[in-house]
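Engineer: Could you have a look at this structure, given as structure tokens, before my questions?
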Amino acid sequence: MFCLSVPAKFNRDLAAILFAGALLATIPFTGLPPFYESFLYLVFLWTVLATSWNILSGYSGYFSFGHGAFFGAGMYTTAVLASRFDVPFLWTLPAAAGVAVVLGAALGAAVFRVRGIRGELFALVTLAFTFVVGTIVLNTPIDGGPGVYLSGVAVPKIGPSGVSAFFYMGLALALGTVLAAFGIFHSKFGSGLFAIHDDEDVAEVMGVPTLGYKIAAFSVSCSLAGAAGGIHALFLSYVTAGDTFSIVVPLTVVLMSVLGGKRFWAGPAVGAAVITALLYAFTAGDHAVAGKAVFGAVLIAVILFMPQGVLGWFFRRRRPLAKAAQGVVELPPMAYSQKRSDRAVTSEPILIARGVRKAFRGVHALDGVDIEIRRGEILGLLGPNGSGKSTFINLVSGHFPPDAGEMLFDGRDLARCKAHRIARGGIARTYQIPRPFAGLMVRENVAMAAMFGSANLSRGAAMREAQRWLDFTGLTPKANTYPDDLNLHQRKFLELARALATSPQLVLLDEVLSGLTPTEINEAVDLIRAIRDHGTTVVFVEHVMRAVIALTDRIVVLNHGLVIAEGVAADVMARPEVVTAYLGSGHA
Amino acid sequence: MNGFVRRFAVCIILLAGVFTIGAAPGDPPIRIGSTLALTGPLASTALVHKLTGEIYVEGLNRRGGLLGRQVEWIVKDDQSKPELARTLYEQLITVDKVDLLLGPYATGAILSAMGVAQRYNKLLVHHTFGIPSLAKYDAQFPTWSLGPDPATTFPNTVLDALASTPKPPKTIAIVTSKFPSVHFMSLGAREIARKRGLQEILFLEWEFGNRDFGAIAARIKDANPDFLWVGAIGLEGNQLLDALKKIDYTPRYHFYMYPAPGPMAQAPEAKNALAGTIFEQDPPFTDNPSAAEFSKIFNERATKAGLPYSRVETQAAASYTAWQVLEAAVTATKSLDDKVLAEWLRTHRVDTIQGKLRFDGPSNYGDDLMRVKQVQNGRWVTVWPKAFAAPGATLATP
Amino acid sequence: MALPNFALLAQSILSGIFTGALYGLLGLGLSLSWGMLRQINLAHFALAFLGAYLCYQLSTVNGMDPLATMLVIVPCFFAIGVALQWIFARFRISAFNSLLVTFGLTVIVESVIQSVWTADFRRLASGYSDMKFRVGVLYVPVPELLTLMLSLTLSFAIWAALRYTDLGRAMRASAEDAPIAAAFGVNQKGLALLLSGVCAALAGVAGVCIALSYTLAPAQIYTWIGVVFAVVMLGGLGRALGPLIAGILIGVSESVTMAVTAPSWAPLVSFSLLIVVLLVRPGKV
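Protein chains in written order, with this note's numbering: chain A, 275 to 862; chain B, 8 to 405; chain C, 18 to 302.
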């Protein structure tokens with residue numbers, strides 16, 4: 275979905291933005307009637323609103339219906355400060371942005387924490403917030419009813435004509451917003467947002483500080499909307515609560531973003547320009563009503579024939595980027611030279627879990643579990659289905675906190691840490707059913723882990739690191755395709771590559787061999803051994819017995835949430851209680 | 008690369024086409040430009056203004072036009088949005104290069120247009136501005152004759168009308184929308200009622216756009232005032248009356264600030280509703296020949312256009328007056344220079360279907376010419392002051 | 018803030034229930050198509066108003082009983098809904114794109130309404146508008162009662178159909194996981210057409226209710242969007258009883274606020290309540 279960050283392309287796009295900005299800046303001096311400056315101001319305004327909305331809602335997937343609240347907050351801040359307190363107009367703009375940010379950050383801090391508020395519920399909360407703010411504005415001395423009148427406020431003198439000031443302010447803000455969207459798109463922050471968009475839980479466990487990033491994106495989005503509101507207040511010169519605090523503004527920006535192309539950072543800007551231009555095309559008085567119908571028809575036609583938006587149609591890809599061979603891909607022999615380390619299995623513990631409990635609605639998944647994981651070992655975690663293995667992995671990786679007990683890792687109790695901090699600390703995991711970021715390419719998926727895991731690399735370094743792990747797992751031929759194009763084996767290896775790219779001290783593998791063919795299992799076993807030899811401790815949940823016996827130094831067997839056996843594999847598997855646990859009492 | 012260039016060219020051509028749609032070629036006739044809310048929430052009343060303008064311009068051209076030239080009226084659709092009105096007025100002035108401006112419909116749009124007119128030093132005669140204290144430009148001229156302080160003068164007029172009845176009201180309930188042009192009038196009414204010794208037994212405000220009037224109606228019925236002042240605009244009055252009807256309550260005296268004329272006149276539960284007006288289609292207003300003729304044509308056109316209420320009332324009259332004012336100024340000064348016209352208007356009186364208008368008061372407002380009208384037998388009838396009441400009409404009392 | 022007497026409070030609550038029932042009825046079709054067909058159908062509102070205007074036209078000009086107009090409107094709108102879904106499927110329109118397409122449709126329908134009936138206000142004067150019952154101290158006006166009954170009946174009928182009939186179960190399966198459902202023999206295409214037709218028909222019925230109680234103007238289409246979206250989202254997408262419950266919740270909270278304090282605070286109370294409820298118990302109404 276989001277293209278690779280190629281330095282040449284980045285520079286080219288950046289140059290294009292600045293060039294466009296410079297070109298537009300000359301328009302007031304070309305002698306065109308000032309009406310066009312006003313018209314372009316409106317295009318700039320909607321560019322700011324649509325692009326800023328996209329930074330939160332398009333990038334991270336948190337669909338907000340509340341943009342009107344922040345736009346209106348900015349409008350009223352400027353209106354009240356400028357007309358009642360005689361603050362010079364330009365000074366009110368930072369205040370407008372500031373008020374909007376405070377509101378947005380407060381709402382975000384309250385709402386983003388709550389796990390269940392995603393998707394349309396988030397949209398609902400933001401819409402409700404808009405109505406609440408609007409009512410407060412209307413019923414307090416902020417407005418109180420009559421509206422706020424700004425005719426007495428001096429318009430700064432920028433540019434040749436009376437309206438040029440708005441043109442330049444609008445242009446400056448629009449440029450700033452587009453550059454912000456562009457910059458975020460190509461940054462680590464942006465990558466984190468895209469990850470949140472695709473799978474927030476996985477992103478958090480991988481090390482993306484999701485709460486912080488969401489609030490940051492929301493704050494950026496709100497501040498830009500607030501600043502736009504401040505400028506618009508003076509443009510209108512008479513501010514009423516009326517239509518501002520409603521669903522109109524967010525609905526319009528959604529339409530603009532979709533029309534322009536949601537996948538592109540320039541999409542909202544294009545959509546804003548097209549829709550504003552269309553609005554003006556049909557204002558002739560004789561056929562106003564028919565004109566509106568034509569406007570509607572044009573919108574429909576555009577989206578029917580350009581389903582990815584205007585920019586999507588413009589940048590139609592002709593061929594898939596990677597000329598990947600079809601069918602089963604024969605993986606080349608491992609490129610990574612094994613560091614045959616003589617590191618023997620130590621008895622030094624890396625993670626000590628004591629008395630860990632977790633219950634789900636009354637079902638005790640883990641009922642007081644004591645497990646010690648030693649540095650440098652491959653530990654097998656076994657047990658029949660429902661014994662608590664996946665729950666243990668989820669607890670250690672921070673998916674959810676335990677109900678009781680402690681898990682000491684590197685001197686810290688993981689039970690009290692947030693998931694992304696656990697990842698930073700050097701713990702990684704794979705998922706039994708692979709959960710790659712569907713909207714990112716394979717290479718980007720691995721780079722994400724390098725960026726946000728304990729390695730904490732910059733974007734460029736992460737890309738290079740990603741290449742290393744793609745080679746190690748043999749996924750290099752598929753690096754520029756999307757996860758949907760991979761088969762199960764490749765997806766499992768992608769999970770592995772992702773986990774390893776975080777440079778973990780401890781990696782938890784959740785049934786990584788399930789669903790693989792015998793040949794593939796052999797390759798995976800070699801890979802896992804190589805991982806341990808590289809210095810990483812491996813905990814390994816599995817049912818495939820020959821792999822368990824071949825790989826593990828020790829195993830721990832769980833049943834009904836309790837540890838029932840621990841020791842060397844061949845030994846433990848023969849014990850009667852273990853056999854009973856797996857096969858039932860008739861087989862002891 | 009070819010495909011890219013081709014698509015880019017297509018886009019440029021389309022955009023260029025969009026821009027040329029708006030521009031109009033230059034012509035010898037005198038061009039008067041304005042916008043109206045031809046679509047959007049304000050469209051219902053803007054229709055009246057469009058009809059009025061068309062009728063006036065036709066008549067004007069038949070009489071020889073202005074300064075011997077035909078007149079062309081360029082009207083654009085501001086879609087009920089003030090920000091669109093503002094840019095369209097800029098387009099009218101700087102792209103279409105019209106000779107004269109006329110105001111758009113309703114306070115919000117007029118404020119926007121006023122700002123533009125001020126920047127380009129153009130004269131602005133407007134017909135539906137509701138908040139005189141906000142009209143700060145010296146070359147704007149109102150024909151909705153509220154006078155400079157309507158929040159004081161008009162409630163007095165209304166209460167005078169009620170005081171003239173055999174049983175004047177002693178208690179008053181004021182319920183109002185928070186719509187700007189209505190809200191400040193209701194607050195003024197509150198003041199005046201207090202000064203005149205009426206007892207206020209209920210004061211409620213609702214936000215404009217409220218759909219559910221059940222609770223408000225219940226509270227009004229509970230209070231049971233002698234006089235109900237409703238700060239309503241558009242349909243709000245009808246919505247309230249609907250809600251009152253549903254709980255079996257008919258207010259004794261009831262007044263509505265700016266009701267949509269058609270629905271209020273024709274709803275059975277709106278019997279005896281009072282409102283303000285500067286003109287109704289009855290003598291003595293129609294004693295003026297041009298008023299009578301305008302009324303006849305308007306009735307025909309309105310009926311043909313499908314308007315439920317086809318009589319001339321305040322809205323159409325205010326609009327017609329604006330055109331009259333413009334024509335008078337241009338004819339008297341033989342000039343299209345905005346400064347000259349503005350100066351003339353400030354120092355002269357103009358004969359219109361409303362009466363003789365002057366513009367020498369604060370914010371160029373003259374006298375408060377608002378009368379009181381009442382719904383009687385499905386039509387609006389002026390009832391106060393007696394000098395302006397329709398023949399034989401008196402304020403019907405419950 | 019004066020504490021109102023019982024009759025006032027009760028009447029206000031009743032009024033809130035009626036308004037909420039209409040929100041629910043309007044929201045029902047929207048919720049079903051959003052939740053089950055993954056389409057955000059803005060045109061739902063335009064269709065509702067088209068239905069309202071048709072009801073007005075048939076009653077005022079052709080003398081039909083307003084309720085009887087449903088016999089004409091429901092089948093016509095069902096057909097419109099089917100046609101709409103057919104176009105969506107043919108062009109494979111995604112959820113976000115459906116927002117744009119239906120917005121375009123809304124604008125077109127609004128223009129059609131304005132050119133046929135002008136922008137001026139239209140009020141359906143029917144025999145029902147004067148009818149009312151008295152239940153103790155309460156007044157129960159008939160048009161609103163009809164709206165409430167229709168809303169309740171349709172919501173429960175659809176809920177029951179989705180829960181207990183094979184067709185309903187097939188639809189829910191299809192909405193949850195279309196390919197798997199298809200593997201089990203569910204005709205996903207046909208069901209989608211059927212559901213879309215039903216949603217459009219629901220819009221038509223909502224329109225008749227609007228015509229009975231409200232004055233019509235083309236631009237009114239947009240004034241309902243905000244609150245009905247809130248009702249739909251609160252009630253949970255695709256849940257038949259959701260919009261009704263959420264609508265009544267919002268309607269009553271606003272109405273009670275208006276009875277007890279300054280009416281202009283009403284939206285603050287209802288929507289703050291909503292936010293608090295969501296923060297405390299997200300995902301469950």
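Backbone N, C-alpha and C fix where the C-beta goes; we use that ideal spot for every residue, glycine too.
Just so we're clear, the structure is a prediction, and the values are computed from it rather than from any experiment.
Quick one: is R218/B near chain C, going by C-beta distance under 8 Å?
Structural biologist: The residue you call residue 218/B lines up with position 211 of the second sequence. Interface residue, yes.
Engineer: Along the beta strand (DSSP E) that carries N413/A, what are the first and last residues, could you check?
Structural biologist: The count along the first sequence starts at 1 and reaches residue 413/A at position 139. Unbroken run through N413/A is the alpha helix (DSSP H), 393-413; no beta strand (DSSP E).
Engineer: Check whether chain C comes within 8 Å of N328/A, counting only Cβ atoms and requiring the distance to be less than that.
Structural biologist: As a working note, residue 328/A is residue 54 in the first sequence. No, N328/A lies away from the interface with chain C (no Cβ there is under 8 Å from its Cβ).
Engineer: Would you give the residue range spanned by the beta strand (DSSP E) that S281/C belongs to?
Structural biologist: The count along the third sequence starts at 1 and reaches residue 281/C at position 264. S281/C -> no beta strand (DSSP E), and no H or E assigned at all.
Engineer: How many Å lie between L573/A and V527/A at the Cα?
Structural biologist: The sequence position of residue 573/A within the first sequence is 299, counting from 1. The sequence position of residue 527/A within the first sequence is 253, counting from 1. In a straight line, the C-alpha of L573/A is about 14 Å away from that of V527/A.
Engineer: What's the gap between the Cα of E816/A and the Cα of V786/A?
Structural biologist: Taking the first residue of the first sequence as position 1, residue 816/A is located at position 542. Taking the first residue of the first sequence as position 1, residue 786/A is located at position 512. If I take the Cα positions, the gap works out to 7 Å.
Engineer: What residues of chain B sit near M148/C, judged by a beta carbon separation below 8 Å?
Structural biologist: Within the third sequence, residue 148/C is the residue found at index 131, counting from 1. Residues of chain B passing the Cβ test: none, with the nearest at roughly 10 Å.
Engineer: What does a CB cutoff of less than 8 Å around L5/C pick up in its chain, not counting 5 residues either side in sequence?
Structural biologist: Outside the shown range of chain C (18 to 302) lies residue 5/C, about which nothing can therefore be said.
Engineer: Between the beta-carbon of S152/B and the beta-carbon of Q361/B, is there less than 8 Å?
Structural biologist: Reading the second sequence from its first residue, position 145 is the one you call residue 152/B. Reading the second sequence from its first residue, position 354 is the one you call residue 361/B. Going by C-beta atoms, S152/B is nearer than 8 Å to Q361/B.
Engineer: Counting only the same chain and skipping the five closest in sequence on each side, list residues whose C-beta sits under 7 Å from that of F288/C.
Structural biologist: Translated into the one-based positions of the third sequence, residue 288/C becomes position 271. Once the five neighbours on either side are set aside, F288/C has no close Cβ partner at all.
Engineer: Figure out for me which residue from L402/B, F136/B, G313/B has the closest Cα to the Cα of P155/B.
Structural biologist: Mapped onto the second sequence, residue 155/B falls at position 148. For the residues L402/B, F136/B, G313/B, the minimum Cα distance to P155/B belongs to F136/B.
Engineer: Mark Y181/C as exposed unless 16 or more other C-beta atoms lie within 10 angstroms of its C-beta, in which case mark it buried.
Structural biologist: As a position in the third sequence, residue 181/C is number 164, starting the count at 1. When all chains shown are included, Y181/C counts as exposed.
Engineer: So, is the C-beta of A218/C closer than 8 Å to a C-beta in chain A?
Structural biologist: As a position in the third sequence, residue 218/C is number 201, starting the count at 1. No, no contact with chain A.
Engineer: Going by DSSP, which residues form a beta bridge with P158/C?
Structural biologist: Reading the third sequence from its first residue, position 141 is the one you call residue 158/C. Answer is K149/C, bridged to P158/C.
Engineer: At which residues does the alpha helix (DSSP H) containing D183/C begin and terminate?
Structural biologist: Translated into the one-based positions of the third sequence, residue 183/C becomes position 166. Taken as a continuous stretch (DSSP letters only), the alpha helix (DSSP H) holding D183/C covers 183-193.
Engineer: So that I know if they touch, is there some Cβ in chain A lying closer than 8 Å to that of G33/C?
Structural biologist: Taking the third sequence and counting its residues from 1, the one referred to as residue 33/C is at position 16. Chain A, which has no Cβ nearer than 8 Å to the Cβ of G33/C, makes this no.
Engineer: State the Cα-Cα distance for the pair F150/C and S191/C, rounded to the nearest angstrom.
Structural biologist: Residue mapping note: residue 150/C aligns to position 133 of the third sequence, counting from 1. Residue mapping note: residue 191/C aligns to position 174 of the third sequence, counting from 1. If I take the Cα positions, the gap works out to 44 Å.
Engineer: Please confirm whether any heavy atom of the ligand PLP lies closer than 7 Å to the CB of P302/A.
Structural biologist: Summarising the ligand content, the structure contains no ligands, and the ligand PLP is consequently not present.
Engineer: Take I505/A and list the residues in its own chain whose beta-carbon comes closer than 6 Å to its own, dropping the five residues that flank it on each side.
Structural biologist: For the purposes of this step, residue 505/A is taken as residue 231 along the first sequence, with counting starting at 1. Closer than 6 Å at Cβ, skipping near neighbours: M443.
Engineer: State the beta-bridge partners of I626/A as determined by DSSP.
Structural biologist: Looking up residue 626/A in the first sequence gives position 352. The partner list for I626/A (beta bridge, DSSP) reads E646/A, L682/A.
Engineer: Grouping DSSP H, G and I as helix and E and B as strand, with all else coil, what is Q706/A?
Structural biologist: As a position in the first sequence, residue 706/A is number 432, starting the count at 1. Q706/A falls in the coil class under three-state DSSP.
Engineer: Under the DSSP definition of a beta bridge, which residues are partnered with R365/B?
Structural biologist: Sequence index remark: in the second sequence, residue 365/B carries index 358 (1-based). BP columns for R365/B are empty, so no partner.
Engineer: Taking A136/C as the reference, give the member of Y316/B, R378/B, T257/B with the closest Cα.
Structural biologist: Here residue 136/C corresponds to residue number 119 of the third sequence, with the count starting at 1. Nearest C-alpha to A136/C: Y316/B.
Engineer: Out of L91/B, W236/B, P35/B, V182/B, which one is the CA nearest neighbour of A280/B?
Structural biologist: Sequence index remark: in the second sequence, residue 280/B carries index 273 (1-based). That would be W236/B, whose Cα lies nearest to the Cα of A280/B.
Engineer: Among E622/A, D677/A, A296/A, F456/A, which has the Cα closest to the Cα of V643/A?
Structural biologist: Locating residue 643/A in the first sequence gives position 369, where the first residue counts as 1. It is D677/A.
Engineer: Exposed or buried, what is A174/C when buried is set at 16 or more other beta-carbons lying within 10 Å of its beta-carbon?
Structural biologist: Taking the third sequence and counting its residues from 1, one reaches residue 174/C at position 157. Exposed: under 16 other Cβ atoms inside 10 Å.
Engineer: Between L314/B and L43/B, is the Cβ-Cβ spacing less than 8 Å?
Structural biologist: To locate residue 314/B, count along the second sequence from 1; it is residue 307. To locate residue 43/B, count along the second sequence from 1; it is residue 36. The answer is no: Cβ separation not under 8 Å.
Engineer: Per DSSP, what kind of secondary structure is V248/C in: helix, strand or coil?
Structural biologist: Sequence index remark: in the third sequence, residue 248/C carries index 231 (1-based). Note: V248/C maps to helix in three-state DSSP.
Engineer: Between K301/C and chain B, is any beta-carbon pair separated by less than 8 Å?
Structural biologist: Taking the third sequence and counting its residues from 1, one reaches residue 301/C at position 284. Since pLDDT at K301/C reaches only 49, below the 50 mark, its modelled position is unreliable, and no value is offered.
Engineer: Looking at C-beta atoms only, is the number of pairs between the region 483-498 of chain A and the region 507-516 of chain A that lie closer than 8 Å three or more?
Structural biologist: No: the two stretches stay apart, fewer than three of their Cβ pairs being nearer than 8 Å.
Engineer: Assign S788/A to one of three DSSP states: helix, strand, or coil.
Structural biologist: Position 514 of the first sequence, counted from the start, is the residue given in the question as residue 788/A. Coil, per DSSP.
Engineer: With DSSP collapsed to three states, give me the class of L936/A.
Structural biologist: Because chain A is modelled from 275 through 862, residue 936/A falls outside the range shown and cannot be assessed.
Engineer: Check the Cβ-Cβ distances between A571/A and every residue of chain B, and say whether any is below 8 Å.
Structural biologist: If you number the first sequence from 1, residue 571/A lands on position 297. Taking Cβ atoms only, chain B never reaches closer than 8 Å to A571/A, which makes this a no.
Engineer: Tell me which residues of the region 239-264 of chain B have at least one Cβ-Cβ distance to chain C shorter than 9 Å, keeping chain order.
Structural biologist: The residues in question are G241, L242, N245, Q246, D249, A250, K252, K253, I254, D255.
Engineer: Is there a Cβ of chain C sitting closer than 8 Å to that of L211/B, yes or no?
Structural biologist: For the purposes of this step, residue 211/B is identified with residue 204 of the second sequence, where counting begins at 1. By this cut-off, L211/B is an interface position.
Engineer: Does any C-beta atom of chain B lie closer than 8 Å to the C-beta of V563/A?
Structural biologist: Locating residue 563/A in the first sequence gives position 289, where the first residue counts as 1. Judged by the 8 Å Cβ criterion, V563/A is in contact with chain B.
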